[in-house]
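Peer 1: Before I ask anything, let me first share the structure, which is written out below as C-alpha cells.
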Amino acid sequence: MLLLQQMIVLFFYMVLGYYGSRKGVLDSRASKVLSWIVVNVANPGMVINSAVGGDGRATGRELVNTAVIAVIMYVILLVLAQLAPIVFRASEHEKGIYKLMTTFNNIGFMGFPVIAAVYGNEALLYAAIFTLPFNVLIYTYGIAMVRGEDSTGEGFQWRKILNVGVVACLIAVVLYLASVPVPQFVKTTVSGLSGLTAPLSMMVIGISLSAISLKELFLDVKLLVYAAVKLLIIPIIGTLIIRQFVSNELLVAVCMIMLATPVASMSVMLAQQYDRNVELASKGVAITTLLSVVTIPLVSAIVL
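What follows is the structure in C-alpha cells.
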C-alpha cells in the first residue's frame with residue numbers, strides 16, 4: 200500500500216509537469232534546467248545522503264554482493280536485448296532502440312525517488328551501486344546499440360563514464376564503509392538536496408510527455424505488449440529468481456525496483472544524438488513511465 204501511495208504521489212508530480220508544459224509555463228528550456236539540477240545536484244545529494252543519513256546496518260559484504268548482482272542482472276538484460284528485436288519483429292531502424300530500451304531502466308529519475316521514499320536511505324545505498332554498471336554500459340555498449348553498424352567510430356570515454364552520479368556513488372560508499380564523521384550542516388544540506396529529486400525528476404518526465412499524443416500512444420499494440428514484457432514479465436521472473444539466492448529482503452526489494460522501473464530517458468537522448476528512431480524511443484519512455492505507476496506496485500504485490 201505504501202508503494203502504491205508513493206507511485207500516486209510521483210504521478211501527481213508528473214501531471215504537474217505535464218500541465219505546466221501544456222500551459223506554456225514549462226518549456227523545453229525549463230526541462231533542460233530541471234534535468235541538470237536533478238542529474239548534477241539533487242540525485243548526487245540523495246546518494247550521499249544515503250550514506251550519511253542512514254542507520255549503518257548494511258555491511259561491506261552486502262554492498263559487494265549488490266555489485267555482483269547488478270553486474271549479473273545487466274549481463275542477463277543484455278542477452279534479452281538481443282532477443283527483443285526478434286520477438287517483437289522490429290524493423291532495421293527499430294532494432295537498436297529496442298535493444299537499448301530493454302537493457303536500461305530509469306533508475307535515476309524513477310528508481311531512486313521510489314526507493315528513497317518507500318525503503319529509506321539504507322536501500323538507496325544499495326541502489327546507488329547499480330549506477331556503476333549502468334554508466335559503464337550506457338556510454339559504451341548503449342551507444343553501439345543505437346549506432347548499429349556505425350558503432351566503431353567512437354572510442355572509450357572515461358569522462359562520460361566517471362560522471363557526477365558515479366562520483367557521488369563512490370563518495371557515498373567510502374563515507375559509509377569508513378564511517379567518516381560528517382558535520383551536521385553537510386547532512387542537512389544533502390538531505391535538503393535529496394528532497395528535490397522526486398518532484399523535479401517527475402516534472403521533467405511530465406514535460407516530455409506533453410509532446411506526445413497519449414491517444415496515439417495507447418493505440419500502439421506492439422508497444423503495449425512490449426511494455427507488458429518490460430514492466431511485468433521481466434521484473435516478476437527476475438525478482439523470483441533473485442529471491443532464490445538472496446536472503447536480504449531489502450536488497451531483493453531494491454532489485455525489484457531496479458527491474459520494474461520504466462525505460463531510461465537516456466534512450467531518447469542517445470537516439471537524438473545519433474539521429475536514430477527518436478519517435479520510438481520517446482514512445483517507449485512515455486508508455487512505460489505512465490504504466491509503471493500501476494505496474495510497480497503490482498509487481499511488488501506479486502513477488503514481495
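Per the numbering used here, the sequence shown starts with residue 200, numbered consecutively. The C-beta atom is built at its ideal place from N, Cα and C for all residues, glycine as well.
Between SER481 and VAL372, what straight-line distance do the alpha-carbon atoms span, to the nearest angstrom?
Peer 2: Cα-Cα distance, rounded: 34 Å.
Peer 1: So, ARG346 versus TYR473, is the Cβ gap smaller than 8 Å?
Peer 2: Taking 8 Å as the Cβ cut-off, ARG346 and TYR473 qualify as a contacting pair.
Peer 1: Note the first and the last residue of the continuous alpha helix (DSSP H) segment covering ALA269.
Peer 2: 259 to 286 is the span of the alpha helix (DSSP H), which, as asked, contains ALA269.
Peer 1: For HIS292, count the other beta carbons within 10 Å of its own beta carbon; 16 or more makes it buried, fewer makes it exposed. Which is it?
Peer 2: Exposed: under 16 other Cβ atoms inside 10 Å.
Peer 1: Residues in the same chain with beta-carbon distance under 8 Å from LEU423, minus the five sequence neighbours each way, listed in chain order, please.
Peer 2: Around LEU423: PHE417 and ILE486.
Peer 1: Below 8 Å on the Cβ atoms is my contact criterion, and I expect TYR425 with PHE287 to pass it. Report the Cβ-Cβ distance as a whole number of Å.
Peer 2: Correct: roughly 6 Å between the Cβ atoms.
Peer 1: Since ARG221 and SER409 should fall inside the 8 Å C-beta cutoff, what is the C-beta to C-beta distance between them, to a whole number of angstroms?
Peer 2: Confirmed, about 5 Å.
Peer 1: Looking at ILE370: is its Cβ nearer than 8 Å to the Cβ of LEU469?
Peer 2: No, they are not a contact pair.
Peer 1: What number of angstroms, rounded off, separates the C-alpha of MET401 from the C-alpha of LEU202?
Peer 2: Roughly 16 Å separates the two Cα atoms.
Peer 1: Do PHE333 and PHE308 come within 8 Å of each other at the CB atom, strictly closer than that value?
Peer 2: No, Cβ-Cβ distance for PHE308 and PHE333 is not below 8 Å.
Peer 1: Looking only at its chain, what residues have a beta carbon closer than 7 Å to the beta carbon of PRO496, apart from the 5 residues adjacent to it on each side?
Peer 2: If we look at PRO496 and ignore the five residues flanking it on each side, its Cβ neighbours are LEU202, LEU203 and MET206.
Peer 1: As a quick exercise: from PHE444, GLY216 and ILE306, pick the residue whose alpha carbon is nearest that of SER464.
Peer 2: Of PHE444, GLY216 and ILE306, the residue nearest in Cα terms is ILE306.
Peer 1: What are the residues that DSSP puts in a beta bridge with VAL462?
Peer 2: BP columns for VAL462 point to ASN304.
Peer 1: Given 8 Å as the limit, is there contact between the region 429 to 443 and the region 231 to 246, that is, 3 or more CB pairs closer than that?
Peer 2: No, because fewer than three Cβ pairs between the region 429 to 443 and the region 231 to 246 fall closer than 8 Å, the two stretches do not touch.
Peer 1: Tell me the residue span of the alpha helix (DSSP H) that contains ILE342.
Peer 2: Taken as a continuous stretch (DSSP letters only), the alpha helix (DSSP H) holding ILE342 covers 340 to 346.
Peer 1: Look at the alpha carbon of ILE433 and the alpha carbon of THR388, and state the distance between them as a whole number of angstroms.
Peer 2: Those two C-alpha atoms are separated by around 37 Å.
Peer 1: Please report how far the alpha carbon of THR339 lies from the alpha carbon of LYS386, in whole angstroms.
Peer 2: Their backbone Cα atoms lie some 34 Å apart in a straight line.
Peer 1: Do you know offhand how far ILE545's Cα is from LEU331's?
Peer 2: Residue coverage of the chain in this structure runs from 200 to 503, which leaves residue 545 outside it and unanswerable.
Peer 1: Which residue wins for smallest C-alpha separation from MET272, given the options LEU503, VAL477 and VAL453?
Peer 2: When each option's Cα is compared against that of MET272, the closest is VAL453.
Peer 1: Quick one: Cα of ALA280 to Cα of LEU503, how far?
Peer 2: If you take the alpha carbons of ALA280 and LEU503, they lie about 26 Å apart.
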